[in-house]
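*Asks:* Here it is, the structure, as structure tokens.
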Amino acid sequence: MALAGWAVFSQYEQVADAIGQLSPPWLVLATLATLVNVGLAGMVWRTNLADLGSPLKLPVAARIFFVGQLGKYLPGSVWPVVMQTELGRDHQVPRRRTATATVVGMLISVLSALLVVLIALPFAPEALPEGFGWAVLLVVPLAVVLHPAVMGRVVDRALRIVSKEGLPERSSGRGMVTATLWAVGSWIGAGLQVWALSVPLGADATVSTAVLLIGGYALAWAVGFVIIIAPAGAGAREVALAAVLSQVLDSHGKVVVVVLVSRVLFTVVDLVAAGAGILAARRHQPVTPAS
2 MALAGWAVFS QYEQVADAIG QLSPPWLVLA TLATLVNVGL AGMVWRTNLA
52 DLGSPLKLPV AARIFFVGQL GKYLPGSVWP VVMQTELGRD HQVPRRRTAT
102 ATVVGMLISV LSALLVVLIA LPFAPEALPE GFGWAVLLVV PLAVVLHPAV
152 MGRVVDRALR IVSKEGLPER SSGRGMVTAT LWAVGSWIGA GLQVWALSVP
202 LGADATVSTA VLLIGGYALA WAVGFVIIIA PAGAGAREVA LAAVLSQVLD
252 SHGKVVVVVL VSRVLFTVVD LVAAGAGILA ARRHQPVTPA S
């Protein structure tokens with residue numbers, strides 16, 4: 002918050018001017034793109050859970066996932082796992098299964114984000130800012146770990162160490178592919194959000210710019226994810242995203258506005274999704290908790 006405040010104060014005139022250039026139609030488009038990102042992220046988790054043996058109706062899955070996702074605003078990446086595990090238990094989903102689906106979903110999100118970066122590079126080489134090239138190297142180990150056979154062994158071994166009980170179900174190849182496709186769609190939504198915020202501030206309304214920002218946002222999110230002490234990647238993600246935006250916007254003030262408005266939109270949509278999930282699931286009352 003302090004860094005954000007200083008960024009706005011130091012570029013006050015540019016920031017004020019840029020805010021005035023954000024027109025309602027582009028803000029609506031950015032909001033819709035944010036909804037796509039958040040909604041498809043939920044489908045990644047729901048697909049993983051169904052693949053492991055616990056298919057849930059959409060309202061119930063929405064409640065568990067979106068309410069649990071609020072845990073990412075606490076320091077550390079473990080809180081969404083904890084919250085979703087407890088919420089899933091209310092609907093007879095075993096804790097280990099929910100935790101597995103959540104962890105696998107996180108890994109798929111990181112891998113798919115870096116894959117999106119690689120796909121974007123031929124169309125927009127600028128999508129990879131100088132100094133962040135190391136992040137793409139994570140694709141190889143993550144691809145190996147995300148193979149169903151390897152993933153199953155890793156999670157099984159971890160569970161045996163923690164609880165002395167192994168993993169009864171393992172992800173299938175089909176489930177992994179489906180979840181990855183949902184994840185790629187979510188990154189396209191996130192990138193289009195940033196694009197919709199950037200165009201009224203002077204960025205080119207071209208496919209190449211959109212591809213650059215899709216890849217750039219995916220990389221920024223991956224960088225923020227590995228900084229586990231920051232709530233929801235706060236700070237690290239913004240720095241990486243600003244590096245990408247500086248290539249399509251002509252002032253620091255405009256970059257600051259896009260970065261801050263983007264973060265606000267994601268936070269608001271997360272809160273709205275959690276509220277909608279709670280309301281939608283009221284008709285599906287929890288049953289006896291599972292172990």
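For the sequence shown, the residue numbers in our numbering are 2 to 292. Heads up, the beta-carbon is just placed ideally off N, CA and C, and yes, glycines get one too.
Please classify Glu239: does DSSP put it in a helix, a strand, or coil?
*Replies:* Position 238 of the sequence shown holds residue 239. In the structure shown, Glu239 sits in a helix (DSSP, three-state: H, G or I).
*Asks:* Please look up how many angstroms separate the CB atoms of Val45 and Ile120, rounded, as I've assumed it's under 8 Å.
*Replies:* Translated into positions along the sequence shown, residue 45 becomes position 44. Translated into positions along the sequence shown, residue 120 becomes position 119. About 18 Å separates the two Cβ atoms, so there is no contact after all.
*Asks:* Mapping the DSSP letters down to three states, classify Ser113 as helix, strand or coil.
*Replies:* In the sequence shown, the residue the question calls residue 113 occupies position 112. Helix.
*Asks:* Are Leu53 and Thr103 closer than 8 Å when you measure CB to CB?
*Replies:* Counting from one through the sequence shown, the residue named residue 53 turns up at place 52. Counting from one through the sequence shown, the residue named residue 103 turns up at place 102. No, they are not a contact pair.
*Asks:* Taking the alpha helix (DSSP H) that Gln248 belongs to, which residues open and close that run?
*Replies:* Numbered from its first residue, the sequence shown carries residue 248 at position 247. Looking at the DSSP string, Gln248 is not in any alpha helix (DSSP H), and its letter there is neither H nor E.
*Asks:* If you measure between the beta carbons of Val258 and Leu202, is that distance less than 8 Å?
*Replies:* Stepping through the sequence shown from its first residue, residue 258 is reached at position 257. Stepping through the sequence shown from its first residue, residue 202 is reached at position 201. Yes; because the gap between Cβ atoms is below 8 Å, this pair is in contact.
*Asks:* With C-beta atoms as the reference, is Val141 less than 8 Å away from Gly216?
*Replies:* As a working note, residue 141 is residue 140 in the sequence shown. As a working note, residue 216 is residue 215 in the sequence shown. Not closer than 8 Å, so no.
*Asks:* I'd like the list of long-range same chain contacts for Leu57, defined as Cβ closer than 8 Å, with 5 residues on each side in sequence excluded.
*Replies:* Position 56 of the sequence shown, counted from the first residue, corresponds to residue 57. Here the set comprises Arg47, Leu50, Ala51, Ile65, His92, Val94.
*Asks:* Would you please state the rounded distance, in angstroms, between the beta carbons of Ala237 and Gly225? I believe it to be under 8 Å.
*Replies:* Here residue 237 refers to the residue found at position 236 of the sequence shown. Here residue 225 refers to the residue found at position 224 of the sequence shown. Rounded, the Cβ-Cβ distance is 5 Å, consistent with contact.
*Asks:* What does the alpha-carbon distance come out to for the pair Val68 and Ala274?
*Replies:* Taking the first residue of the sequence shown as 1, we reach residue 68 at position 67. Taking the first residue of the sequence shown as 1, we reach residue 274 at position 273. Taking the straight line joining both Cα atoms gives about 8 Å.
*Asks:* Quick check on DSSP: helix, strand or coil for Val60?
*Replies:* Indexing the sequence shown from 1 puts residue 60 at position 59. According to the sequence shown, residue 60 is Pro rather than Val. Reduced to three states, the DSSP call for Pro60 is helix.
*Asks:* Leaving out five residues before and five after Gly89 in sequence, what residues of the same chain have Cβ atoms less than 6 Å from its Cβ?
*Replies:* In the sequence shown, residue 89 corresponds to position 88, counting from 1. Answer for Gly89: Ile65, Thr99, listed in chain order.
*Asks:* Measure the C-alpha to C-alpha separation of Pro60 and Gly278 and round it to an integer number of angstroms.
*Replies:* As a working mapping, residue 60 is identified with position 59 in the sequence shown. As a working mapping, residue 278 is identified with position 277 in the sequence shown. Each residue's alpha carbon lies about 6 Å from the other.
*Asks:* Could you tell me if Ser172 is buried or exposed, where buried requires 16 or more neighbouring beta carbons within 10 angstroms of its beta carbon?
*Replies:* On the sequence shown, residue 172 is found 171 positions in, with the first residue counted as 1. With 16 or more other Cβ atoms within 10 Å, it is buried.
*Asks:* Measure how close the beta-carbons of Leu198 and Leu23 come, nearest whole angstrom, since I'm counting them as under 8 Å.
*Replies:* Position 197 of the sequence shown, counted from the first residue, corresponds to residue 198. Position 22 of the sequence shown, counted from the first residue, corresponds to residue 23. With a Cβ gap of about 7 Å, Leu198 and Leu23 count as contacting.
*Asks:* Helix, strand or coil for Gly174? Go by DSSP, reduced to three states.
*Replies:* As a position in the sequence shown, residue 174 is number 173, starting the count at 1. Helix, per DSSP.
*Asks:* If you reduce the DSSP assignment to three classes, tell me which class Pro95 lands in.
*Replies:* The residue given as residue 95 occupies position 94 in the sequence shown. Looking at Pro95 - three-state DSSP - the assignment turns out to be coil, as it is neither helix nor strand.
*Asks:* Determine the DSSP secondary structure at Leu53, reduced to helix, strand or coil.
*Replies:* The sequence position of residue 53 within the sequence shown is 52, counting from 1. Three-state DSSP puts Leu53 in coil, outside helix and strand.
*Asks:* What's the gap between the Cα of Ala62 and the Cα of Thr268?
*Replies:* Residue 62 sits at position 61 when you count from the first residue of the sequence shown. Residue 268 sits at position 267 when you count from the first residue of the sequence shown. Taking the straight line from one Cα to the other gives about 20 Å.
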